[in-house]
Structure formats: structure tokens, C-alpha cells
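Below: one structure, written as C-alpha cells.
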Amino acid sequence: MIEILKPAELARAKEAGALVADILQTLRERSTVGTNLLDIDRWAEAMIVEAGAQSCYVDYEPSFGRGPFGHYICTAVNDAVLHGLPYDYTLADGDLLTLDLAVSKNGIAADSAISFIVGDTKPPESVALINATERALAAGIAAAGPGARVGDVSHAIGTVLSAAGYPINTEFGGHGIGSTMHQDPHVSNTGQPGRGYKLRPGLLLALEPWVMADTAKLVTDADGWTLRSATGCRTAHSEHTIAITGDGAEILTLPKRARP
1 MIEILKPAEL ARAKEAGALV ADILQTLRER STVGTNLLDI DRWAEAMIVE AGAQSCYVDY
61 EPSFGRGPFG HYICTAVNDA VLHGLPYDYT LADGDLLTLD LAVSKNGIAA DSAISFIVGD
121 TKPPESVALI NATERALAAG IAAAGPGARV GDVSHAIGTV LSAAGYPINT EFGGHGIGST
181 MHQDPHVSNT GQPGRGYKLR PGLLLALEPW VMADTAKLVT DADGWTLRSA TGCRTAHSEH
241 TIAITGDGAE ILTLPKRARP
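Following this line, the structure appears as C-alpha cells:
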């Protein structure tokens, strides 16, 4: 299903996007050396409930997972990159943490992810990984607009990631979003320009470039959810929900200080 939102629905999408962004920013500030991943999950739950919103993850049960996800946020550390199931782990100095959050409010969902380094130690490889995904995300957003094709967005993302020297996995990527978290069209993190669905105003997309330092192969944890790099290398993941407008794309999941 590809969903085109009406103006009133877009207004609700902006509210959902702002909520996701603000929760992620708060969690980033609280996630310090000594923080437990299960505490991050509990904090996310409390903020979602307080806002009168609903988690897109608690009852999430796709074909590739093992039963309902059962938590409110994905927490991926170091070599974990996607669908990180929160568990009893205490963050250490230099850990690379990815927080991925999807929330529905008033019937519209928004989805965003941030990667950052915990503590004072900043491993250069981790900094480079995060920077590459953030640049790729910016390039994908710049390529999105009315009349552009999904392939244009994928090509823009892939060009940045390839130029940075990272292999690209095409099993998981960006997606449409709206009244449900995952919709068509699929937005691969690499692709051919001029191909695929033509974007039009009212379409929401969650763009999410992610990379692993030296492999494109994923392995699944025993928990049935967490996806890690096959070589144990570090990973990073950046994501925004955007709305296609009449003259470009608007980011809906900017943190408060970065909003116009």
C-alpha cells in the first residue's frame, strides 16, 4: 500500500514526527556511561504513554522477527545495527549506540534513528561511520521531491555510502509510512536514478541509510531480532521521516532545537 496523506493528516504527521524527535533527543542526553539499555526502554515507554501516543514496536510481529518485539525502542550497540532488542547491558565509554524509535499519534506514525558515541572516547572508525550515514541521509532528502523517483533517492544515498568505502546491504532500507509504520514504496540504500515510483506531495517516507564498516552481511542474534555485522565490525544508522511537499521534502523528525 502507498498512502498519500491529506493536509489534515500531514498536520498530525508533523506532531508525531516532533514527538519522536524529542523523545530521541531526551534519550540521547540520558544515555551515558553506566546507563542500562532496559532503562532506556522504560524511559521511552513513559514518554510515549505520557504523550498519549502508541508504540509501533511493542506488538510488532513481522515475518522476519521472533514473536512480538515486546519493547518500545530499538537499542543497537557497536556491531548491532537493526532491530536491537533491549537487554540487560550497561553502556561503556566509547560504545556506539543506535536508538531507533517509531511512534503513532492520532493515527499517523513517524520513525527516526540516531547513532552516537557514549562517553568521552570517540573511536575514529565510529565517528566516520556515523558521519557517512548522516551525509547519506542528507543526500537522500535533497534528492526527494515531487516528480523525483525512488531510484533517485536510493542513488543519492548509495553514492555517499559507496564513496565513503562502505559495503551496502539491500535487505533492509527505507520505506513509506503513514497510518502504519511500514508501507510501500521500499527505498533501498542504493539504486538506479530515474527508476521506481514517482514521488508526489502527501507521501511520507522514512529514509534510513545504515552501514557496517567492512561487510554487507548480517547475522541474527539468538534473541531472534537483533541484526549484527557478520564480522563483528561496528555499524551506524541514521533515519528521518520526511513529507514530500509541492516544492521538495520536509523533515518531520528534527529535534526541537533544529526546527525552523
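Just so we're aligned: the sequence shown equals residues 1 to 260 in the UniProt record's numbering. Every residue gets a Cβ at the ideal spot worked out from N, C-alpha and C, and that includes glycine. Just so we're clear, the structure is a prediction, and the values are computed from it rather than from any experiment.
- DSSP state of Asn169 mapped onto helix, strand, coil: coil
- Item | Beta-carbon proximity list for Gly70, same chain, < 7 Å, skipping 5 on both sides | Val58
- What are the boundary residues of the alpha helix (DSSP H) that includes Ser162? Looking at the DSSP string, the run of the alpha helix (DSSP H) that includes Ser162 is 150 to 163.
- With distances taken from CA atoms, which of Tyr166, Gly158, Ile23, Pro167 is nearest Gly174? Gly158
- Message: Restricting to Cα atoms, I'd like to know which of Ala216, Ala92, Asp88, Gly248 is closest to Pro123.
- Response: With distances taken between Cα atoms, Pro123 lies closest to Ala92.
- Over the uninterrupted alpha helix (DSSP H) stretch that includes Pro124, give me the two end residues. 124 to 143
- Quick one: what's got a C-beta closer than 8 Å to Leu161's C-beta in the same chain, skipping five residues either side? Ala132, Thr133, Ala136, Ile168, Asn189, Thr190, Pro209, Val211
- Item | CB of Ala21 within 7 Å of CB of Thr253, strictly | In this structure, Thr253 lies closer than 7 Å to Ala21 by Cβ.
- Message: Rounded to whole angstroms, what is the Cα-Cα separation between Asn106 and Cys56?
- Response: 13 Å
- Item | Own chain partners of Arg228 with C-beta closer than 6 Å, once the 5 adjacent residues on each side are dropped | Asp79, Ala80, Val219
- Item | Helix, strand or coil at Gln25 according to DSSP, with G and I counted as helix | helix
- In the DSSP assignment, find the alpha helix (DSSP H) that holds Ile40 and state where it starts and stops. 37 to 50
- Query: To the nearest angstrom, how far is it from the Cα of Asp88 to the Cα of Gly165?
  - Reply: 34 Å
- Please name the residue in Gly84, Pro146, Met47 whose C-alpha comes closest to that of Gly246. Pro146
- Cα-Cα separation, Asp4 to Gly176: The question names Asp, but residue 4 is Ile in the sequence shown. Note on geometry: alpha-carbon atoms of Ile4 and Gly176 lie some 10 Å from one another.
- Item | Arg66, buried or exposed, once every other Cβ within 10 Å from all chains shown has been counted against 16 | exposed
- Which residues DSSP lists as bridging Met212, in chain order: Thr235
- Is Lys198 helix, strand or coil when you go by DSSP? strand
- What residues are listed by DSSP as bridge partners for Phe116? Leu97
- Task: Quick one: residues in its chain with C-beta nearer than 8 Å to the C-beta of Gly194, no 5 flanking neighbours on either side, listed in chain order?
- Result: Exclusion of the five residues before and after Gly194 leaves Arg149, Gly151, Asp152 as the residues of its chain whose Cβ lies within less than 8 Å of its Cβ.
- Proximal residues to Gly17 (C-beta, below 6 Å), its chain only, five neighbours per side dropped: Contacts found: Ala110, Thr241, Leu252, Thr253.
- In or out: Pro7 buried (at least 16 other Cβ within 10 Å) or exposed? By the 10 Å Cβ count, Pro7 comes out exposed.
- Check the DSSP bridge columns for Glu3 and list the partner residues they point to. Paired residue(s): none; Glu3 is not in a bridge.
- Within 10 angstroms of its Cβ, does Ser115 collect 16 or more other Cβ (buried), or is it exposed? A buried status is given to Ser115, since no fewer than 16 other beta-carbon atoms sit within 10 Å of its beta-carbon.
- With respect to the beta strand (DSSP E) encompassing Val219, which residues constitute its N-terminal and C-terminal limits? 218 to 220
- Could you check what DSSP says for Ala249 in three-state terms: helix, strand or coil? strand
- What is the residue span of the beta strand (DSSP E) that Asp184 lies within? 183 to 187
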